[in-house]
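For the sequence shown, position 79 (counting from the first letter as 1) is numbered 87 according to my numbering, and the numbering increases by one without interruption.
Where a beta carbon is used, it is the ideal one built from N, C-alpha and C, also for glycine.
Because the structure is a prediction, the values reported are computed rather than measured.
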Amino acid sequence: MGSNRPEQFAATVWEGGKERSISLARGENLLMALVRAQLPINFFCTTGKCRTCMVRMNIPAGSAPPPSETEQYRLGEAVQQGYRLACQVYVTGPLTVFLDTSGSA
Ligand code: FES
């Protein structure tokens with residue numbers, strides 16, 4: 009095994025004022041990982057059209073490809089605030105997801 013790229017890494021998820029950590033496999037779909045972890049993420053189309061899965065996240069460079077044209081089109085200015093469509097994010101490194109929408113503590 010010559011590669012030292014990790015194949016599993018942790019995503020930090022803020023939900024209900026608490027921090028959780030979930031394990032992700034390289035290239036895994038973020039929406040599916042959140043659903044599998046039984047976290048409260050709404051979704052409908054899973055194809056980047058309905059915006060239901062829109063969520064704010066902090067993605068360090070290299071932890072996911074930048075927003076696709078579809079995401080940019082659907083999200084508009086929200087992209088600048090860190091919003092992504094979870095169903096369109098394929099994770100390649102550690103990141104933080106903010107499921108909390110109320111409050112700003
Ligand atoms: S579930 Fe519809 S845009 Fe992600």
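Reduced DSSP secondary structure (H/G/I, E/B, other) of residue i
i	result
A19	strand
A86	helix
L97	Per the sequence presented here, residue 97 reads as Val, with Leu not at that position. If DSSP states are grouped into helix, strand and coil, V97 belongs with coil.
T104	strand
A33	strand
R59	coil
R64	strand
R13	coil
CA-to-CA distance, residue j to residue i, given in whole angstroms
i	j	result
T20	G101	11 angstroms
G56	E77	10 angstroms
V105	N12	25 angstroms
E23	P14	26 angstroms
L42	Q88	23 angstroms
F52	A94	11 angstroms
S112	Q16	Per-residue confidence for S112 stands at a pLDDT of 44, beneath the threshold of 50, marking its modelled position as unreliable; no derived number is given.
N37	R44	11 angstroms
D108	K26	9 angstroms
P75	I67	11 angstroms
For residue j and residue i, believed in contact at Cβ under 8 angstroms, the rounded distance
i	j	result
M65	G84	The Cβ separation is near 17 angstroms, so there is no contact.
R34	R59	R34 to R59, Cβ: 26 angstroms. No contact.
Cut-off 8 angstroms between Cβ atoms - residues of its own chain near residue i, not counting five sequence neighbours on either side
i	result
A18	S29, I30, S31, L32 and P102
Close beta carbons around residue i, own chain, < 6 angstroms, minus the five adjacent residues each side
i	result
Q80	V87
V99	L32, E36, L38 and A72
V97	L38 and A72
Same chain, Cβ closer than 7 angstroms to residue i, five either side skipped, listed in chain order
i	result
C61	L39, I49, N50, F51, L93, A94 and C95
G70	T100 and G101
Checklist entry - Listed in chain order, which residues are found with a beta carbon closer than 6 angstroms to a heavy atom of the ligand FES? => result F51, F52, C53, T54, G56, K57, C58, R59, T60, C61, L93 and C95
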